[in-house]
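Structure first, then comments.
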Amino acid sequence: MNKIIFFGNGPLADYALPILANSAEIIFHARSKDDLANVAELKKQNPDAFGVLASFGVIIKSDLLELFEPEGIINLHPSLLPQFRGASPIESAILAGATDFSYSIMKLAKAMDAGPIYHQTTLSSLPLDKDSIYRALAETGATWIAEHLDEIRTLSPTPQDDTTATFCGKLDKSLSYLQPDQYPATQILRQIVAYQSFPKPKYTFFGKVCIILKAHIGTSTESATAKLLIPCSDDNSVIIDQLQPEGKKPMDAKSFLNGYAK
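If you want it as structure tokens, here you go:
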């Protein structure tokens, strides 16, 4: 059985790891910079161990990269590289209006997400739900890695075209408060989807700041009768299905109205 040293934290890693563990022995899971010294020692003790990374968030220096040559550390990146290099590829694709979502299997390089590509695939017909997108890309990408580990050392990855690269940064808390007077309903809905878990999309109803958990774009008839909605710049509305007042538990719109619309 192949051995893997796994690098990763967050939902992409959480969904990818069980797939890999079904077909290989995970001898170590590095979750932070503090784990990298252990990685180096374990790789020296297990020279045939593969390195697989999914959303690690830590720069890996050249000396550690060199230990994993010739195939390198295999990176599962959730975009069609060289598009959306950086820290928030899934969120950035959602915000950009993507209807299809992709992953790339690449050889990790010193430059961010710039390594040569082993394999890429685009998935269609995914729901506009961030967790579902993370799960689908992670599980499909990890399955490809698991099925091709034995041949990866014989593959020649294809260099990326750096001239077509696009980049995305980390999300930050300044994005949290929705501004529907500046965006159409379709974009506000995508912000609600993209900002789930962090930075958490917020809007104020009846003087109470709320995290919006689930919503949809209402038809004209539905918007005329809905009691909890966000009017947007294009005269369409996002209707709230589930939300969480700050300091309280999540609740549906009806329960919120019963408690706060008085």
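Mind the numbering: the sequence shown is residues 612 to 873 in this note's numbering, read in order.
Just so you know, even glycine gets a beta-carbon here, dropped at the ideal spot from N, CA and C.
Since the model is a prediction, treat every value here as computed from it, not as a measurement.
- Membership of I744 in the alpha helix (DSSP H) is indicated by the continuous run 741 to 763.
- When secondary structure is reduced to three states using DSSP, D783 falls in the coil class, being assigned neither helix nor strand.
- Counting only the Cα atoms, P842 lies some 42 Å from S643.
- CA-CA distance, L706 to K655, rounds to 42 Å.
- When secondary structure is reduced to three states using DSSP, K813 falls in the strand class.
- Positions of the alpha helix (DSSP H) runs, each at least 4 residues long and wholly inside the segment 806 to 860, are given as 831 to 836 in order along the chain.
- If you check the CB distance, N847 and I828 come in under 8 Å.
- Contact between I685 and G662 holds, since their C-beta atoms are separated by about 7 Å, short of 8 Å.
- For D863, the three-state secondary structure derived from DSSP is strand.
- For the 8 Å CB-CB criterion, S703 and T732 do not form a contact.
- Here D742 is exposed, its C-beta having fewer than 16 other C-beta atoms within 10 Å.
- Taking Y794 as the centre and dropping the five residues before and after it, the same chain places the C-beta of C843, S844 closer than 7 Å to its C-beta, in chain order.
- In this structure L664 touches F618 by the C-beta definition: roughly 4 Å separates them, less than 8 Å.
- DSSP, reduced to helix, strand and coil, places I705 within a helical segment of the structure shown.
- Leaving aside the five residues that flank F817 on each side, the residues in its chain whose CB is nearer than 7 Å to its CB run, in chain order, Y871, A872.
- Leaving aside the five residues that flank S834 on each side, the residues in its chain whose CB is nearer than 8 Å to its CB run, in chain order, L840, N847, S848, I850.
- For the 8 Å CB-CB criterion, K614 and I638 form a contact.
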